[in-house]
Amino acid sequence: MQHPINILERYWKFTSFKPLQEDIINSVLKGEDTFALLPTGGGKSICFQIPALAKDGICIVISPLVALMKNQVQALQDKGIKAMALTSGISYSQLDTMLDNCIYGNYKFLYLSPERLQQDIVQERIRQMNVNLIAIDEAHCISQWGNDFRPSYKNIVKLREIQPTVNVIALTASATPEVVDDIIKELDFISPKCFKQSFVRSNLAYMVFHEEDKYYKLEAILKKNPAPSIIYVRNRRATLEISSFLESKGYSSIYYHGGLSHAEKDNALESWMQNRKQIMVATNAFGMGIDKPDVKTVIHLNLPESMESYFQEAGRAGRNGNKAFAVILKNNSDELLVKNQFLKVLPSVSFIKTIYRKLSSYFQVSYGEGVDNVFDFNFNTFCKTYKFNTILAYNALLLLDRTSVISLSKQFNQRTLVHFIVSNTALFSYLETHKDSNTIVKSILRTYGGIFEQETKINTNLIADKASVKEEAVFAVLHQLEKAEIITLKNSKTDAQITYLEPREDDKTINRISTIIKQQNTLKEKQVLSILNYINNDDLCKSIQLLSYFGEQDIDACGICSVCIQRKGSKTVDSKVIKQSIIKALENGDLSSRSLLEQLDYSENQINNTIKELLELRIISITKTNTYKLAHI
Ligand code: ADP
Ligand code: MG
């Protein structure tokens, strides 16, 4: 058997393990049921991939999201390792062949969604495979107390029956003590070996500032820290607004949200990753898998939705170990906003029934039918058709996805339909005068045989590849051809695909999941409350607050968060000294509290408190324009 470190070097070209990786790998190799709790970016994948490579046989990986599976399979294939994923939209005969390959074809990794485990053919073939390890990625999905509960994760225990002697590794980045217990119970772990890396990030200063004028504070932070930054905002529109605001103030900034096309996303991401843009303004759609080491500040202009997501988002700062800041800016209206944003939009059981029924009529699925049908979906058109509130409708769809009634894959697709409406001769005489279109047109003709006879859906990305040009160039040529009346061109945008996983049974379907819906709504309320506690508790070190949420105890105060700093400040600086500095500053003219803050090297709280004292002592007074002046002048 190859030694783990050699495998790491050979396939990953890394020279050493990250914390706990080696211990976890050894535990897995010994055949133990193993629980790995490492933060995001902690390198969990390697913890099951290396043991699987070290042994004969195939590793079964359960993963909740198609996108995650595809990424990992691609990464393995790039290393020359045989891996495959059973995603949705695979025909029965394809599935049959793929599963056979796992038995006879020397495959090392089989990724599948938990829903797949319900299929008889999948169970039967896994029984025949030489399975060396079962890995449950994002294992918190199994717990109803977790952020991303997926009831289908409960199918996993079936694997235990099918392969009773194979050990299991569960991996997650986010687990409260309740969730950890749940995972261990649900996966039927016997004396599990648990490896938990502390979530302490000693270089990361958690800050919460109360600030009515958030833009002002935002600029102040960015001015002090001219380094890569992520700013999280509430919605797509705000990403654009804030980014333009910052650009207008001379910062280099770009924005990112789920509604951008692939090309736009790639472009935004790349220019930020390569430091051509300093600031990334984004919705929470941004960040999964982002591993930029030198992020100095992560600033939330609006409140995050849960402690789980906050820890993840904040944790993108300071990966390189240098001092970094995770800041939440709050003001008086935030509590109400957060309640409106997250609690008022929780879909009730009856709303979900409505959505499901409308969805089925929208796709014309008849009662009892629909299983495995895949539909292109334009979310906005759907909401407009039935006058649904978009957020509520979206949350309802997410719940239907999580409960495996449907599978929703967020995919921005440009469907391009082309029909050549002139004769061959007319086309070639056109090309005579438009030589630059030649390659692209020929690539289209060669790829799509019947395109003269009928309207044909073309893959512009593929054509771009074949013609060795960018996709935009393909569109440009298509538009030209349309203008010249050589082709008809239809572009339709879909932003998602929906697959029916269960036959349509209207209310019956939803009644089966009604308990889960209610329970998830309660969980959401709890999560919002814990965020409100976090931003409002100014007595306990922020780091301790966060970590104790995740079950860590006996942690020292960090000394660098907004609570610790204020405490230190009030202890070490004599209030007399602050008073004198303020008086001295005001001798040169009236100043606002903001200007005082800029001129003097004290914290906002210290300045505000001292101003209050000086006002009470009537040493200073406030002017009509909200500046302060010395009383005796
Ligand atoms: P997680 O699933 O814990 O979020 P991943 O498995 O996706 O983390 O790994 C995060 C990143 O860390 C990847 O880019 C991976 O290649 C890298 N990585 C993993 N192990 C090591 C290591 N021992 N040395 C250097 N980089 C590593
Ligand atoms: Mg992972």
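In the working numbering, each number is its position in the sequence shown, counted from 1, plus 140. Using N, Cα and C, we set each Cβ at its ideal position, and we do this for glycine too.
When the Cα atoms are used, what is the spatial distance from residue i to residue j?
i: L178; j: Q452; result: 12 Å
i: E162; j: Y251; result: 23 Å
i: S761; j: S732; result: 11 Å
i: K752; j: K769; result: 13 Å
i: N535; j: P487; result: 7 Å
i: L754; j: L726; result: 12 Å
i: L273; j: I202; result: 11 Å
i: K550; j: E404; result: 16 Å
i: V320; j: I230; result: 34 Å
i: N601; j: L344; result: 42 Å
i: L618; j: V467; result: 47 Å
i: L216; j: D678; result: 46 Å
i: S369; j: R459; result: 12 Å
i: A697; j: N287; result: 27 Å
i: L687; j: C701; result: 13 Å
i: K336; j: L663; result: 24 Å
i: L629; j: E172; result: 59 Å
i: P254; j: F482; result: 28 Å
i: I598; j: G590; result: 11 Å
i: A771; j: R341; result: 47 Å
i: N520; j: S490; result: 21 Å
i: G245; j: V262; result: 16 Å
i: D434; j: A464; result: 9 Å
i: K658; j: V206; result: 26 Å
i: F188; j: P144; result: 11 Å
i: I371; j: I439; result: 5 Å
i: A194; j: Q414; result: 36 Å
i: S331; j: Q660; result: 30 Å
i: Q620; j: F517; result: 28 Å
i: I722; j: N471; result: 26 Å
So, under 8 Å CB-CB, residue i and residue j are touching, yes? Tell me the CB distance rounded to an integer number of Å.
i: P643; j: G508; result: 5 Å
i: R290; j: R555; result: Rounded, the Cβ-Cβ distance is 29 Å, inconsistent with contact.
i: T525; j: H559; result: At roughly 27 Å, the Cβ-Cβ gap does not stay under 8 Å, so T525 and H559 are not in contact.
i: C199; j: A275; result: 6 Å
i: K325; j: L441; result: Not a contact, Cβ separation roughly 40 Å.
i: L469; j: L299; result: Actually they do not touch by this definition, with Cβ atoms about 46 Å apart.
i: T316; j: G699; result: Going by Cβ atoms, the distance from T316 to G699 rounds to 25 Å, so no, they are not a contact pair.
i: M447; j: I671; result: 6 Å
Per DSSP, which one or two residues make a beta bridge with residue i?
i: Y346; result: A466
i: R555; result: S632
i: A176; result: L311 and F335
i: A533; result: Paired residue(s): none; A533 is not in a bridge.
i: T437; result: S369 and F465
i: S761; result: K769
i: Y396; result: A422
i: F690; result: Looking at the DSSP assignment, F690 forms no beta bridge with any residue, so it has no partner.
i: S547; result: T639
i: P275; result: It is worth fixing the name first, because residue 275 is Ala in this sequence and not Pro. A275 is bridged to V201 and I309.
i: F560; result: I627
i: L731; result: Y768
State yes or no: is the beta carbon of residue i nearer than 8 Å to at least one beta carbon in chain B?
i: L239; result: In the structure shown, chain B does not exist; there is a single protein chain.
Taking 7 Å as the line, does the beta carbon of residue i fall inside it for any heavy atom of ligand 3?
i: K363; result: Here the bound small molecules are ligand 1 and ligand 2; ligand 3 is not part of this structure.
### Query
Closer than 6 Å from C-beta to any heavy atom of ligand 2: which residues, in chain order?
K184, S185 and D277
### Task
List in chain order: all unbroken alpha helix (DSSP H) runs of 4+ residues lying wholly within the stretch 185-257.
206-218 and 232-244
#### Entry: Start-end ranges of the alpha helix (DSSP H) lying completely within the stretch 302-348, minimum 4 residues
Taking only runs of at least 4 residues, the alpha helix (DSSP H) segments lying wholly in the stretch 302-348 are 317-326.
### Message
Runs of 3 residues minimum, wholly inside the stretch 584-662: which ones carry the beta strand (DSSP E) assignment?
### Response
596-598 and 627-640
### Task
Report the residue ranges of all alpha helix (DSSP H) runs contained in full by the stretch 480-522; include only those spanning at least 4 residues, in chain order.
Fully enclosed alpha helix (DSSP H) runs of no fewer than 4 residues occupy 489-502 of the stretch 480-522, in order along the chain.
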